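There are 2 protein chains.
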Amino acid sequence: MNLKQLAHMLALSQTTVSRALNGYPEVNEETRRRVMDAAKRHGYRPNPSARRLATGKSGMIGYVLPTGTAVDIDPHFVEFLSGLGDYARSHELDLVLSPADADDQETTYRRIVANRQVDAVYISSPRREDSRVALVSTLGIPFLVHGRSEGFDFDYPYLDIDNEGAFHEAARLLVQLGHQRLALINGDDRETFAIHRERGVRRALAASGLTLSERHVCSVVMTEENGYRATRRLLEASDAPTAIACSSLIMALGVVRAVRDLGLTIPGDVSLIAHDDVFPWLKPENFSVPLSTTRSSIRLAGARVAERLAARISGVEEGARGEVWPVDLVVRGSVAGAPA
Amino acid sequence: MNLKQLAHMLALSQTTVSRALNGYPEVNEETRRRVMDAAKRHGYRPNPSARRLATGKSGMIGYVLPTGTAVDIDPHFVEFLSGLGDYARSHELDLVLSPADADDQETTYRRIVANRQVDAVYISSPRREDSRVALVSTLGIPFLVHGRSEGFDFDYPYLDIDNEGAFHEAARLLVQLGHQRLALINGDDRETFAIHRERGVRRALAASGLTLSERHVCSVVMTEENGYRATRRLLEASDAPTAIACSSLIMALGVVRAVRDLGLTIPGDVSLIAHDDVFPWLKPENFSVPLSTTRSSIRLAGARVAERLAARISGVEEGARGEVWPVDLVVRGSVAGAPA
DNA sequence: CGAAAAAGCCAAAGCGCTTTGGAAGACTCT
DNA sequence: AGAGTCTTCCAAAGCGCTTTGGCTTTTTCG
Chain V
1 MNLKQLAHML ALSQTTVSRA LNGYPEVNEE TRRRVMDAAK RHGYRPNPSA
51 RRLATGKSGM IGYVLPTGTA VDIDPHFVEF LSGLGDYARS HELDLVLSPA
101 DADDQETTYR RIVANRQVDA VYISSPRRED SRVALVSTLG IPFLVHGRSE
151 GFDFDYPYLD IDNEGAFHEA ARLLVQLGHQ RLALINGDDR ETFAIHRERG
201 VRRALAASGL TLSERHVCSV VMTEENGYRA TRRLLEASDA PTAIACSSLI
251 MALGVVRAVR DLGLTIPGDV SLIAHDDVFP WLKPENFSVP LSTTRSSIRL
301 AGARVAERLA ARISGVEEGA RGEVWPVDLV VRGSVAGAPA
Chain Y
1001 MNLKQLAHML ALSQTTVSRA LNGYPEVNEE TRRRVMDAAK RHGYRPNPSA
1051 RRLATGKSGM IGYVLPTGTA VDIDPHFVEF LSGLGDYARS HELDLVLSPA
1101 DADDQETTYR RIVANRQVDA VYISSPRRED SRVALVSTLG IPFLVHGRSE
1151 GFDFDYPYLD IDNEGAFHEA ARLLVQLGHQ RLALINGDDR ETFAIHRERG
1201 VRRALAASGL TLSERHVCSV VMTEENGYRA TRRLLEASDA PTAIACSSLI
1251 MALGVVRAVR DLGLTIPGDV SLIAHDDVFP WLKPENFSVP LSTTRSSIRL
1301 AGARVAERLA ARISGVEEGA RGEVWPVDLV VRGSVAGAPA
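Protein chains in written order, with this note's numbering: chain V, 1 to 340; chain Y, 1001 to 1340.
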């Protein structure tokens, strides 16, 4: 059942039927009702391909997925996706993932924009002066950054959590508990969230006249194994920290294992606070010693990103609004006063 | 730059240019070269919306993403996606995720098929007589099932791993080591993989005249917490098992924690084998005691699914071919002879 | 050499929708 | 009552591609 048939059946023109369906004003309410009714009754659904060709709108949002045999997708992605889906589902928004060579995403961005394949895109895990952000903002397609990119002289819309504030709070707590030597096991330090977290820790330490030794900050891909290795290295050194801030729950698994392997205990010998993105399958309260965390649901962020993207597509949201969510500090058993 | 312009520029008709570009035979090789060349030089890319409208082909593969506030996306999904992306990237295949209410995916399947939004779909985590498999095969769109669905009287194309064989091998090893009481901590028992794994364990036990007690098989959502709970329950019972087969690495984290909490050891008091889908961020060899696993890369499966889907779209692959991959049993420190 | 077949190209008709530019009729207002 | 204004609808022109059917020209072959 296409528009032509429906129009013929109603003895109306395609124009009128189309307008009635799309809520244009120049059609009699009575007529509109008739049309709406008939459309529903016959299960008429406009052909999206045709609509796309005519309008250039696709009803989909895009994400360029960096891939490559040496590239691993962030496990957080799936939670983010859950949130995105929660919103998108109720708005018949689809998400198209365009896999791209991680080293050349530009080609793909240009392609999906030139082809009008999607109405908007989002960018995640931005780095300093992230080239994707610069590119997309010149391309003139609605977009939203999940996270932030620094170093630009222009503004752009984003949604981020207060990573600096979160790690500032975490470090401040540890300092208050008497810890003098803190360590930070961080993610890839090219990513903004890692920069912000380090900044937060440094600021908290500085407030008490302490500093974060270069040897006490690790920047690694966030795997269990890297958490383990970093911790071994930290704790086996002569100036071993007494407290660790860690950027992910997965790395924290490795931290805990390393501490145990060394015959030490949490929080007796070392206090630990990790960031929790809220996974359904791994919870900080279930660690062998319940883990203190800075908590922020990445899933909720996903839903919000979808919502704002939809708003930008429809023109409801404009401009370069940045939105920063506060992060909860949840104290559990993994922190204690510094050992004597 | 559209076809019309390109054709005009070459003093040819749109027909000829289109045919030259799409490899149709009725065009002079010399002409084809000229066209190809000009197209490349001017960076001409056919507008996919227009092509879609004309051909009905979209160049995308689809996946209906079950969502809902109480629905969590499987963390394995992201690895599968990596593999899918690895292949898709080099073939300019995009993936469209259509979020759907987990309890009503049919509507969404019908929509994406009716709208010709995608050229093929894949289905994952199928259950017994999975309604999606039945639906999609009547809808007449190329598809592939990742996993298997049982109980149908028709065949369909799928890619699965030998879950039964894997867990049969695992259980057989444990039995050979003298274990008499095995337990299985499994995933949701409505899913085929869980059914197959249980079958594998039972078969191995039966071969030695043993049985799998109903109290020794747990069917739970695969989270760390559920692994922990199941293990506590199992080991605190009077007929505690001496060996556990576990369906996921994430649950195995919980198993290990529970065993430790009870003051027991692996493999001294209980042997453990888990299935490993090969995550980059959590490796069995890095468990406190290296974990024996049945291993199969879900990422490779993702790539293969994309490859076969592409083959089906282009008509290279036809019929209901089922493909079953063998699974490696990797023995590490977590298994030992049964305690006396 | 001439008929039949093949090769190479084109005009035009879709694909199914949106949107422009009217046009006819109904209403208002002086 | 006539001019001007709304209201309501329509025909037709795109959007940019593929594909059908046909028309020339060249090649093949008895």
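Cβ atoms here follow ideal geometry from the backbone N, Cα and C, with glycine treated the same way.
For clarity, every value in this text was computed on a predicted model and none was experimentally measured.
Practice problem: Would you be able to state if there are at least three C-beta pairs under 8 angstroms between the stretch 303-322 of chain V and the stretch 117-136 of chain V? | Solution: Contact between the stretch 117-136 of chain V and the stretch 303-322 of chain V is present, because at least three Cβ pairs lie under 8 angstroms.
Quiz item: Got a sec: is the Cβ-Cβ distance from Thr-223 of chain V to anything in chain Y below 7 angstroms?
Solution: So yes, Thr-223 of chain V belongs to the interface.
Quiz item: Beta-carbon separation of Arg-128 of chain V and Glu-150 of chain V under 7 angstroms?
Solution: A contact, by the Cβ cut-off of 7 angstroms.
Quiz item: Looking at the unbroken alpha helix (DSSP H) that takes in Asn-1163 of chain Y, where does it start and where does it end?
Solution: 1163-1176 is the span of the alpha helix (DSSP H), which, as asked, contains Asn-1163 of chain Y.
Exercise. Find the residues of chain Y that neighbour Pro-115 of chain V, judging by a C-beta separation of less than 8 angstroms, and give them in chain order.
Key: The question names Pro, but residue 115 of chain V in the sequence shown is Asn. Those within 8 angstroms of Asn-115 of chain V in chain Y are Arg-1045, Asn-1047, Pro-1048, Ser-1049.
Quiz item: Any beta-carbon of chain V closer than 7 angstroms to the one on Val-1078 of chain Y?
Solution: By the rule that beta-carbons nearer than 7 angstroms mark a contact, Val-1078 of chain Y touches chain V.
Self-check item: Contacting positions in the stretch 1282-1297 of chain Y - beta carbon closer than 7 angstroms to chain V
Solution: Within the stretch 1282-1297 of chain Y, Leu-1282, Lys-1283, Asn-1286, Ser-1288 place their CB atoms closer than 7 angstroms to a CB of chain V, listed in sequence order.
Quiz prompt | Spatially closest choice to Arg-1203 of chain Y from Y:Gly-1187, Y:Glu-1191, Y:Asp-1189, Y:Leu-1182, by CA coordinates | solution = It is Y:Leu-1182.
Quiz prompt | Cross-chain neighbours of Ser-98 of chain V in chain Y, by beta carbon under 7 angstroms | solution = Contact of Ser-98 of chain V with chain Y by beta-carbon distance below 7 angstroms involves Asp-1094.
Quiz prompt | Three-state class that DSSP yields for Asn-1028 of chain Y in the structure shown | solution = Correct three-state label for Asn-1028 of chain Y: coil.
Quiz prompt | Cβ neighbour criterion (16 or more within 10 Å) applied to Val-331 of chain V | solution = When all chains shown are included, Val-331 of chain V counts as exposed.
Self-check item: Assigned secondary structure, Met-251 of chain V (DSSP; H/G/I helix, E/B strand, else coil)
Solution: Assignment of Met-251 of chain V by DSSP, reduced to helix, strand and coil, places it in the helix class.
Quiz item: Any beta-carbon of chain Y closer than 7 angstroms to the one on Pro-142 of chain V?
Solution: No, no contact with chain Y.
Practice problem: Ignoring anything shorter than 3 residues or poking outside the stretch 44-78 of chain V, list the beta strand (DSSP E) runs there in chain order. | Solution: The qualifying runs are 60-67.
Quiz item: Ends of the alpha helix (DSSP H) at Glu-323 of chain V?
Solution: Not the alpha helix (DSSP H): Glu-323 of chain V falls in the beta strand (DSSP E), residues 322-325.
Practice problem: Name, in chain order, the residues that DSSP records as bridge partners for Val-121 of chain V. | Solution: The partner list for Val-121 of chain V (beta bridge, DSSP) reads V:Gly-62, V:Phe-143.
Quiz prompt | Cβ shell of Asp-86 of chain V (< 6 angstroms), same chain only, five flanking positions each side left out | solution = Excluding residues within five positions, the ones whose Cβ falls inside 6 angstroms are Ala-303.
Quiz item: How long is the line joining the alpha carbons of Tyr-228 of chain V and Phe-1080 of chain Y, rounded to whole angstroms?
Solution: Distance between the alpha carbons of Tyr-228 of chain V and Phe-1080 of chain Y is about 26 angstroms.
Practice problem: Using three-state DSSP, classify Ser-137 of chain V as helix, strand or coil. | Solution: Correct three-state label for Ser-137 of chain V: helix.
Quiz item: For the stretch 64-83 of chain V against the stretch 92-99 of chain V, are there 3 or more C-beta pairs whose distance is under 8 angstroms?
Solution: Here the stretch 64-83 of chain V lies against the stretch 92-99 of chain V, with 3 or more beta-carbon pairs under 8 angstroms apart.
Self-check item: DSSP three-state assignment for His-275 of chain V, whether helix, strand or coil
Solution: Reduced to three states, the DSSP call for His-275 of chain V is strand.
Quiz item: So is Arg-1148 of chain Y buried or exposed if we call it buried at 16+ other beta carbons inside 10 Å?
Solution: Buried: at least 16 other Cβ atoms inside 10 Å.
Quiz item: In whole angstroms, what is the alpha-carbon distance linking Val-136 of chain V and Pro-1126 of chain Y?
Solution: Answer to the nearest angstrom: the Cα atoms are 38 angstroms apart.
Self-check item: CB contact flag (Ala-311 of chain V, Glu-318 of chain V, <7 angstroms)
Solution: Contact: no.
Practice problem: Tell me, please, which residues DSSP counts as bridged to Leu-1214 of chain Y. | Solution: Correcting the residue type first, residue 1214 of chain Y is Glu in the shown sequence and not Leu. As far as DSSP is concerned, Glu-1214 of chain Y takes part in no beta bridge.
Quiz item: Going along chain Y, which residues have a C-beta under 7 angstroms from Thr-67 of chain V?
Solution: Chain order gives the chain Y residues near Thr-67 of chain V as Ser-1082, Gly-1085, Asp-1086, Arg-1089, where near means a beta carbon separation below 7 angstroms.
Quiz item: Within the 7 angstroms Cβ cut-off, does Pro-1267 of chain Y reach chain V?
Solution: Closer than 7 angstroms: no.
Quiz prompt | Endpoints, alpha helix (DSSP H) assigned at Ile-298 of chain V | solution = Looking at the DSSP string, the run of the alpha helix (DSSP H) that includes Ile-298 of chain V is 298-313.
Quiz item: If you compare alpha carbons, which of V:Ser-247, V:Leu-235, V:Leu-159, V:Arg-89 is closest to Gly-200 of chain V?
Solution: When each option's Cα is compared against that of Gly-200 of chain V, the closest is V:Ser-247.
Quiz item: Whose CA, out of V:Val-78, V:Ala-50, V:Asp-160, lies closest to the CA of Arg-321 of chain V?
Solution: Residue V:Asp-160 is the option with its Cα nearest to Arg-321 of chain V.
Exercise. Please confirm if Asp-72 of chain V has its CB atom under 7 angstroms from at least one CB of chain Y.
Key: It does: the Cβ of Asp-72 of chain V has a partner Cβ on chain Y nearer than 7 angstroms.
Practice problem: Out of V:Ser-82, V:Ile-273, V:Ser-296, V:Val-327, state which residue places its alpha-carbon closest to the alpha-carbon of Asp-1074 of chain Y. | Solution: The shortest Cα separation from Asp-1074 of chain Y among V:Ser-82, V:Ile-273, V:Ser-296, V:Val-327 belongs to V:Ser-82.
Self-check item: Neighbourhood of Arg-32 of chain V by C-beta, 8 angstroms cutoff - its chain only, sequence neighbours within 5 removed
Solution: Here Arg-32 of chain V has Ala-20 as same chain residues with Cβ atoms under 8 angstroms from its own Cβ, once five neighbours each way along the sequence are excluded.
Exercise. Measure the alpha-carbon distance for Ile-1250 of chain Y versus Leu-173 of chain V and round it to whole angstroms.
Key: For Ile-1250 of chain Y and Leu-173 of chain V, the distance between alpha carbons rounds to 31 angstroms.
Practice problem: Kindly indicate which residue of V:Val-71, V:Val-270, V:Glu-30, V:Leu-3 has the alpha-carbon position closest to the one of Gly-43 of chain V. | Solution: The shortest Cα separation from Gly-43 of chain V among V:Val-71, V:Val-270, V:Glu-30, V:Leu-3 belongs to V:Leu-3.
Quiz prompt | Supposed close pair Pro-1339 of chain Y, Asp-1239 of chain Y - CB separation, criterion 8 angstroms | solution = 14 angstroms between Cβ atoms; not a contact.
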